[in-house]
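First the structure, in the form of structure tokens, and then the observations on it.
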Amino acid sequence: MLPYLAKRIMLAFPVLLGVSVVVFVMIRLIPGDPAELMAGQAATEEVVRGIRESLGLDRPVIVQYAVFLRNTLRADLGKSLFNGAPVTEELAQRLPRTARLALASIVVAILIGVPAGILSATRHLSWVDSAVMVLALAGVSMPIFWLGLNLILVFAVRLHWLPAIGHETWKHLILPSFTLGAASAAIIARMTRSAMLEVLRQDYVRTARAKGVAEQTVIGRHALRNALIPVVTVVGLQLGTLLSGAVLTESVFAWPGVGRLLVDAVLARDYPIIQGTVLLIATTFVLLNVVVDMAYAVLDPRIRYE
104 MLPYLAKRIM LAFPVLLGVS VVVFVMIRLI PGDPAELMAG QAATEEVVRG
154 IRESLGLDRP VIVQYAVFLR NTLRADLGKS LFNGAPVTEE LAQRLPRTAR
204 LALASIVVAI LIGVPAGILS ATRHLSWVDS AVMVLALAGV SMPIFWLGLN
254 LILVFAVRLH WLPAIGHETW KHLILPSFTL GAASAAIIAR MTRSAMLEVL
304 RQDYVRTARA KGVAEQTVIG RHALRNALIP VVTVVGLQLG TLLSGAVLTE
354 SVFAWPGVGR LLVDAVLARD YPIIQGTVLL IATTFVLLNV VVDMAYAVLD
404 PRIRYE
């Protein structure tokens, strides 16, 4: 397994290099000039030119990318164009908050999605199955910002049960985590149902039932474990999606995480912050894919990586 792990890590570098190129080019296609924003509307052309030269924005794009790549390999993502703070410090300060939100959301998604998928599969073609699938479709279809605003309206404004914004206590985590985890719960429920239906048709499940094994044991020990491989894949991908999808949730609930930082950086044309944040999200996706692949061998001993 170790050679496979080393190979996957080596393959991650070209992916991250491609992401850095795409992000570097795309953010420079965004209308607006950071130097003009920093200088203000009343600034003269000379002042704007001086700011642009001090930031290195007057150099050719290829030169700017070469400098960015060299500094990134040194773990230096640069400094914010507007507050001068190092990008690594900004990310280190906000990443734990986003990670906490993403982990809480994936826990909510698993606790709702997996039991719902199992219930739907074991009650196949019944009204329970239909109800779960309708709710799953609704969960996938609802926009995050719409769901978040409605949860704020009900539980914060009308019932006064939970706070609407902030991150100080565990109560501030409830509404954002349910908002962010709703779509993932729906996806996990549908994948769990599909995997369970396939496994429940296998011969070894029929054999276990024919031997008189309790239905709960058949579902939990024989069926569920073998159905978890595709579910684990979805959970891993959803966790990466939650880290990036937290942009809307953090904006709705004023959660000071990486997503909120990215939104502010895009509005301000803060190139170093945008580049660092997107690279962080891409790295998270790559690492989660590696972890998911390693989890396969734990769940199914038949899987070996040569």
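Under this note's numbering, think of the first position of the sequence shown as 104, with each following residue one higher. The beta-carbon is built from N, C-alpha and C at its ideal position, and this holds for glycine as well.
Point to revise | A234 versus A330 - alpha carbon distance | key: Translated into positions along the sequence shown, residue 234 becomes position 131. Translated into positions along the sequence shown, residue 330 becomes position 227. Rounded to whole angstroms, A234 to A330 spans 22 Å at the Cα level.
Review point. With distances taken from CA atoms, which of V190, A239, L340 is nearest A289?
Key: Residue numbering aside, residue 289 sits at position 186 when the sequence shown is read from its first letter. With distances taken between Cα atoms, A289 lies closest to A239.
Review point. Are F356 and L278 touching if we call contact CB-CB under 8 Å?
Key: On the sequence shown, position 253 is the one that residue 356 refers to. On the sequence shown, position 175 is the one that residue 278 refers to. Their beta carbons are under 8 Å apart, which means F356 touches L278 by this criterion.
Review point. Thinking C-alpha only, which one of T272, I322, Y307 is nearest T295?
Key: Your numbering for residue 295 matches position 192 in the sequence shown. Looking only at T272, I322, Y307, the smallest Cα-Cα distance to T295 is reached by I322.
Exercise for review: Tell me whether K182 sits in a helix, a strand or coil according to DSSP, three-state version.
Suggested key: As a position in the sequence shown, residue 182 is number 79, starting the count at 1. In the three-state reduction of the DSSP assignment, K182 falls in the strand class, which pools E and B.
Exercise for review: Give the single residue among W358, A368, L132 whose Cα lies nearest to the Cα of W273.
Suggested key: Mapped onto the sequence shown, residue 273 falls at position 170. The shortest Cα separation from W273 among W358, A368, L132 belongs to W358.
Check your understanding: What do you get for G339, buried or exposed, if any count of 16 or more other CB atoms within 10 angstroms of its CB means buried?
Key -> Position 236 of the sequence shown, counted from the start, is the residue given in the question as residue 339. By the 10 Å Cβ count, G339 comes out buried.
Review point. What residue from G269, K182, L283 has the CA that sits closest to A207's CA?
Key: The count along the sequence shown starts at 1 and reaches residue 207 at position 104. The shortest C-alpha separation from A207 is found at L283.
Check your understanding: Is the beta carbon of L382 sitting closer than 8 Å to the one on L222?
Key -> Reading the sequence shown from its first residue, position 279 is the one you call residue 382. Reading the sequence shown from its first residue, position 119 is the one you call residue 222. Cβ distance not < 8 Å, so L382 and L222 don't count as in contact.
Practice item. To the nearest angstrom, report how far apart L271 and R203 are at their CA atoms. Key: Sequence index remark: in the sequence shown, residue 271 carries index 168 (1-based). Sequence index remark: in the sequence shown, residue 203 carries index 100 (1-based). Residue identity differs from the one stated: residue 271 is Glu in this sequence, not Leu. Between E271 and R203, the C-alpha separation is close to 12 Å.
Review point. Hey, how far is the Cα of W264 from the Cα of H227?
Key: Here residue 264 corresponds to residue number 161 of the sequence shown, with the count starting at 1. Here residue 227 corresponds to residue number 124 of the sequence shown, with the count starting at 1. Using only the alpha carbons, I get a separation of about 37 Å.
Review point. Count the other CB atoms within 10 Å of the CB of Y374; is the residue buried (16 or more) or exposed (fewer)?
Key: Along the sequence shown, one-based indexing puts residue 374 at 271. Answer is buried; the Cβ neighbour count reaches 16.
Check your understanding: Among T147, L176, G181, T201, which one has its Cα closest to the Cα of G159?
Key -> For the purposes of this step, residue 159 is identified with residue 56 of the sequence shown, where counting begins at 1. With distances taken between Cα atoms, G159 lies closest to G181.
Review point. Just curious, the alpha helix (DSSP H) that V257 is in, first and last residue?
Key: Walking along the sequence shown from the start, residue 257 turns up at place 154. Looking at the DSSP string, V257 is not in any alpha helix (DSSP H), and its letter there is neither H nor E.
Point to revise | Contact belief for T344 with V395 at Cβ below 8 Å, rounded distance in angstroms | key: In the sequence shown, counting from the first residue as 1, residue 344 sits at position 241. In the sequence shown, counting from the first residue as 1, residue 395 sits at position 292. That belief does not hold up - the Cβ atoms of T344 and V395 are roughly 13 Å apart, past 8 Å.
Exercise for review: Using a threshold of 8 Å, state whether the C-beta atoms of L364 and I376 are closer than that.
Suggested key: Counted from its first residue, the sequence shown places residue 364 at position 261. Counted from its first residue, the sequence shown places residue 376 at position 273. Contact flag set, yes.
Point to revise | Exposure label - F248; buried when at least 16 CB within 10 Å | key: Within the sequence shown, numbered from 1, the residue matching residue 248 stands at position 145. Residue environment analysis places F248 among the exposed positions, since fewer than 16 neighbouring C-beta atoms fall within 10 angstroms of its C-beta.
Point to revise | The alpha helix (DSSP H) enclosing Q196, as first and last residue numbers | key: On the sequence shown, position 93 is the one that residue 196 refers to. Per DSSP, Q196 is one residue of the alpha helix (DSSP H) stretching across 190-225.
**Study point:** Distance between P117 and L172 (C-alpha atoms, nearest Å)
**Key:** Taking the sequence shown and counting its residues from 1, the one referred to as residue 172 is at position 69. Taking the sequence shown and counting its residues from 1, the one referred to as residue 117 is at position 14. Computed Cα separation, rounded: 13 Å.
Exercise for review: Determine the direct distance from the alpha carbon of I213 to that of R293, and round the result to whole angstroms.
Suggested key: Taking the sequence shown and counting its residues from 1, the one referred to as residue 293 is at position 190. Taking the sequence shown and counting its residues from 1, the one referred to as residue 213 is at position 110. In this structure, the CA atom of R293 is about 12 Å from the CA atom of I213.
Review point. Going by the beta-carbon positions, is the gap between G291 and G187 smaller than 8 Å?
Key: Your numbering for residue 291 matches position 188 in the sequence shown. Your numbering for residue 187 matches position 84 in the sequence shown. Looking at the sequence shown, residue 291 is not Gly but Ile. No, they are not a contact pair.
Point to revise | Residue burial classification, G269 (beta-carbon count within 10 angstroms, cutoff 16) | key: Translated into positions along the sequence shown, residue 269 becomes position 166. Exposed, since its Cβ has fewer than 16 Cβ neighbours within 10 Å.
Practice item. Output the distance between the C-alpha atoms of L198 and N174, rounded to the nearest integer angstrom. Key: By one-based count along the sequence shown, residue 198 stands at place 95. By one-based count along the sequence shown, residue 174 stands at place 71. Cα to Cα, L198 sits roughly 21 Å from N174.
Check your understanding: How is H275 classed by DSSP in three states: helix, strand or coil?
Key -> As a first step, residue 275 is located in the sequence shown; it is residue number 172 there, counting from the start. In the structure shown, H275 sits in a helix (DSSP, three-state: H, G or I).
Point to revise | Status (buried if at least 16 other CB within 10 Å, exposed otherwise) for A368 | key: As a first step, residue 368 must be located in the sequence shown, where it is residue number 265. It counts as buried.
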